[in-house]
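**Q** Quick one: structure below, then a few questions.
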Amino acid sequence: MNRLVLGALCAALLVTSSMPSRATDAPPREPYGENLEGFPYPYPVHLLPVANEGEQLQMAYMDVAPGQPNGRTALLLHGRNFPSSYWAPVIKTLSDAGFRVVVPDQIGFGKSSKPNGALHFDNLARNTIALLDHLGIAKAEVVAHSTGGMVAVRIARAYPDRVAHLVLTAPIGLEDYRLSVPPVPTEKLIETEDKLTAEGYRKQLETNYALKLPPEQITPYIDARFNIKGSPSYAHWLRAFVASYQMIYREPVVHEIPLVTQPTLFIMGADDHNAPGRPYAPEALRAKMGQNAENAKALASQMKDGHAEVIPNTGHLVFLEAREKYDALLLGFLGK
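FYI, the numbering for the sequence shown is 381 to 716, going by my numbering.
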């Protein structure tokens, strides 16, 4: 090899080693589609046609059979920043315990369609009931996380006969964010989200969610979000993602929680102070936001049959961070 070629190779290696790392160390690949085409789920994914605001859409879901059937169904509702695939450990726990487990991606999230217009909790609740109808499920144990908790509250209020028990896992919506955060224009939110990098997002999750997980466990979900950037439909996905923030902000459920009559268990991480919109709040109000464990205990005390359990040294992803404790609380509650 001549000196000129050797010098070029050395220079290339130096440039490569100084480049910022991707969300994973995997080689470059085709970008995921806006419906996470190319991103693996732990069980087969099915699609249900639904119509929202006159728009024809597809709702993705997993339907996992039980080991030894107990005749009951668990419905798992995901949060905003993660596809429903992150429920995999809980799916196994419930399936092994005899539950049929139904796990949808809400419209606007994961492998479901991204609508052109606004998102509304009423529509998400209606879609979810349509899925239960499609699968012939009269009543379910509803287990929800984060934003899924807001959907679950709306389902429990609007369709009380369809919910046997309600498990709210580190839910958001335990306060009315409008009381602390001014309205933020959609275009401003799009601009902010578009500037976010994979490493910036990792730091955001670590801070907002008080993550206790090893980095490699959270990397696939960071990659799931940022590998969409290379997709031709990225702009459409981004607008739908921002629409979910506006839904959370504009459609609070905290005022409805005390009216829920089904047996309800809050499972909270003691270190979880996640509060959507906090960066946009006046500085004097930021520290008061996100008192989630205390809010859950207060709301549970106002409910007909509410209970709250707080797991120490645990953040927002409580069912992944404290799996044995979470599973014991979940199965103990559903066993009642």
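Even for Gly, the Cβ is constructed at its ideal location relative to N, Cα and C.
Return helix, strand or coil for M439, following the three-state DSSP convention.
**A** M439 falls in the strand class under three-state DSSP.
**Q** Could you pull the DSSP bridge partners for F646 from this structure?
**A** Beta-bridge pairing links F646 to L548, A688.
**Q** Can you check which of these residues, F462, L455, Y466, is closest to T508 by C-alpha distance?
**A** Looking at the Cα atoms, L455 is the closest of the given residues.
**Q** Nearest CA to the CA of D685: which residue from R703, F713, P420?
**A** Among R703, F713, P420, the Cα nearest to that of D685 belongs to F713.
**Q** Report the option in G451, L499, G528 whose CA atom is closest to the CA atom of G516.
**A** The option with the nearest alpha carbon to G516 is G451.
**Q** Could you give the distance in angstroms between the alpha-carbon of P563 and the alpha-carbon of Q438?
**A** Cα-Cα distance, rounded: 30 Å.
**Q** Report the rounded CA-to-CA distance for E555 versus A708, giving the unit in angstroms.
**A** The alpha-carbon atoms of E555 and A708 are separated by roughly 27 Å.
**Q** Which residues does DSSP pair with A454 in a beta bridge?
**A** For A454, which the question treats as bridged, DSSP gives the partners V481, E521.
**Q** When the distance is taken between beta carbons, is H653 closer than 8 Å to A590?
**A** Yes, the Cβ-Cβ distance between A590 and H653 is below 8 Å.
**Q** Below 6 Å CB to CB, which residues in the same chain sit around W617 once its five sequence neighbours on both sides are set aside?
**A** Closer than 6 Å at Cβ, skipping near neighbours: E414, K494, I608.
**Q** Taking only the alpha-carbon atoms, compute the straight-line gap between G362 and T577 and give it to the nearest angstrom.
**A** Because the chain in this structure spans residues 381 to 716, residue 362 falls outside the shown range and cannot be described.
**Q** With a CB to CB cut of under 6 Å and the five nearest residues on each side skipped, what residues in its chain are close to V543?
**A** For V543, where only same-chain residues beyond five positions count, the Cβ hits under 6 Å are V522, A536, Q642.
**Q** Could you give the distance in angstroms between the alpha-carbon of P551 and the alpha-carbon of V533?
**A** So the two alpha carbons sit approximately 10 Å from each other.
**Q** Mind checking which residues open and close the alpha helix (DSSP H) that includes H719?
**A** As displayed, the chain neither begins before 381 nor continues past 716, which places residue 719 out of reach and without an answer.
**Q** What residues in its chain sit with their C-beta under 7 Å from that of T566, if we drop five residues either side in the sequence?
**A** Hits under 7 Å: V622, Q626.
**Q** With which residues is V430 paired in a DSSP beta bridge?
**A** According to DSSP, which records beta bridges pairwise, V430 is partnered with L437.
**Q** Would you give the residue range spanned by the alpha helix (DSSP H) that S560 belongs to?
**A** Element bounds for S560: n/a, residue is neither H nor E.
**Q** When burial is assigned at 16 or more other CB atoms within 10 Å of the CB, is S492 buried or exposed?
**A** By the neighbour-count rule (16 or more Cβ atoms within 10 Å), S492 is buried.
**Q** One question on the structure: do V531 and A505 come within less than 8 Å of each other, judged by their Cβ atoms?
**A** Yes, Cβ-Cβ distance for V531 and A505 is below 8 Å.
**Q** Have a look at L645 and A688 and give me their C-alpha separation to the nearest angstrom.
**A** Whole-angstrom Cα-Cα distance: 6 Å.
**Q** Taking C-beta to C-beta, are L428 and H514 nearer than 8 Å?
**A** Contact: yes.
**Q** Please report the Cβ distance between R460 and S526, rounded to the nearest whole angstrom; I am assuming they are in contact, meaning their Cβ atoms lie under 8 Å.
**A** Sure, about 6 Å apart at Cβ, within 8 Å.
**Q** Give the DSSP bridge partners of V543, in chain order.
**A** DSSP output for V543 lists A520 as bridge partner(s).
**Q** Could you check if V385 is buried or exposed, using at least 16 other CB atoms within 10 Å of its CB as the buried criterion?
**A** Confidence is the limiting factor: at V385 the pLDDT is only 34, short of 50, which leaves the residue's position unreliable and the question unanswerable from this model.
**Q** Inspect the beta-carbon positions of V425 and A440 and report whether they are closer than 8 Å.
**A** Against a cut-off of 8 Å, the Cβ pair of A440 and V425 comes out as a contact.
**Q** Beta-carbon within less than 6 Å of K705's beta-carbon, same chain only, minus the 5 sequence neighbours each way: which residues are those?
**A** Excluding residues within five positions, the ones whose Cβ falls inside 6 Å are I691.
**Q** Within 10 Å of its beta-carbon, does G580 have 16 or more other beta-carbons around it, so buried, or fewer, so exposed?
**A** The residue is exposed, with fewer than 16 neighbouring Cβ atoms inside 10 Å.
**Q** Could you tell me the boundaries of the alpha helix (DSSP H) in which P469 lies?
**A** That run of the alpha helix (DSSP H) goes 468-476.
**Q** For H458 and M683, I'd like the C-alpha separation in whole angstroms.
**A** The straight-line gap from Cα to Cα measures roughly 23 Å.
**Q** Hey, could you find the ends of the alpha helix (DSSP H) V633 is sitting in?
**A** Careful: V633 lies outside any alpha helix (DSSP H) and carries neither H nor E.
**Q** Considering Cα atoms alone, identify which of G529, L639, G497, I628 is closest to P656.
**A** Comparing Cα positions, the closest option is I628.
**Q** I'd like to confirm the pairing. Which residues does DSSP put opposite V444 in its beta bridges?
**A** DSSP lists V481 as partners of V444.
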